[in-house]
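Before any comments, here is the structure.
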Amino acid sequence: MRISLSMTRMSLLFLFVVFTLNYHSQSDLIADTCKKTEFPEFCISTLRSNPRSASADVNGLARIVFEAGLAKATSTLNKVNFLLKKTTERILKQCLQICAHVYDKALDDISQAIENVGSNISEVVNYASSASINVEDCEESFDEEPNKRKSPLTDDNSAVDQLVNIGAAIVQPIG
575 MRISLSMTRM
585 SLLFLFVVFT
595 LNYHSQSDLI
605 ADTCKKTEFP
615 EFCISTLRSN
625 PRSASADVNG
635 LARIVFEAGL
645 AKATSTLNKV
655 NFLLKKTTER
665 ILKQCLQICA
675 HVYDKALDDI
685 SQAIENVGSN
695 ISEVVNYASS
705 ASINVEDCEE
715 SFDEEPNKRK
725 SPLTDDNSAV
735 DQLVNIGAAI
745 VQPIG
């Protein structure tokens with residue numbers, strides 16, 4: 575009985591050590607991966623907020639970030655469509671129509687980036703770059719003269735842009 579109790583304690587201690595080491599090594603992978611991005615804090619918080627990150631490899635981490643970007647782009651497009659229905663101001667409507675158009679393209683680009691993670695780095699980077707340009711086009715539509723105005727989408731555009739740039743940075747080899 576005493577040996578059995580001792581063995582149980584040793585087994586539990588062993589499992590605790592294994593799980594602790596695995597957690598720390600995965601935390602290190604997230605931190606190390608995010609260090610090479612332009613937005614390391616946002617990268618870390620995005621990945622740590624998703625439970626799938628705990629068991630993901632680098633490609634899995636890239637997918638998770640791109641999926642977060644896709645979700646944010648989808649919610650931004652929904653916001654654009656809501657604002658389009660609500661506004662009666664002609665210039666604002668024009669800006670929002672541009673945003674709706676470019677966000678449709680950005681959603682396709684991000685989806686294509688996700689599909690190519692793990693198989694074609696250059697395609698991932700190209701699609702991420704295209705999505706980023708589309709999001710920037712949305713933001714810039716509010717800055718054009720003579721009808722310059724504050725964009726109601728600045729924070730959303732920035733988040734999507736940062737997420738796709740983080741995803742692209744993750745898949746690119748260091749060099």
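In my numbering, the protein residues as written are 575 to 749. Glycine included, C-beta positions come from ideal geometry on N, C-alpha and C.
Item: Could you give the DSSP three-state label for residue 671: helix, strand or coil?; Value: helix
Item: In the DSSP assignment, find the alpha helix (DSSP H) that holds residue 648 and state where it starts and stops.; Value: 632-660
Item: Between the stretch 733-748 and the stretch 683-697, do at least 3 Cβ pairs fall closer than 8 angstroms?; Value: yes
Item: Select from 719, 695, 652 and 619 the residue whose C-alpha is nearest the C-alpha of residue 674.; Value: 652
Item: Taking only runs that begin and end inside the stretch 682-733, name each unbroken alpha helix (DSSP H) of 4 or more residues, in chain order.; Value: 695-715
Item: Residue 627: buried (16+ other C-beta within 10 angstroms of its C-beta) or exposed?; Value: buried
Item: Between which two residues does the alpha helix (DSSP H) carrying residue 616 extend?; Value: 614-622
Item: Going by DSSP in three states, residue 611 sits in which element: helix, strand or coil?; Value: coil
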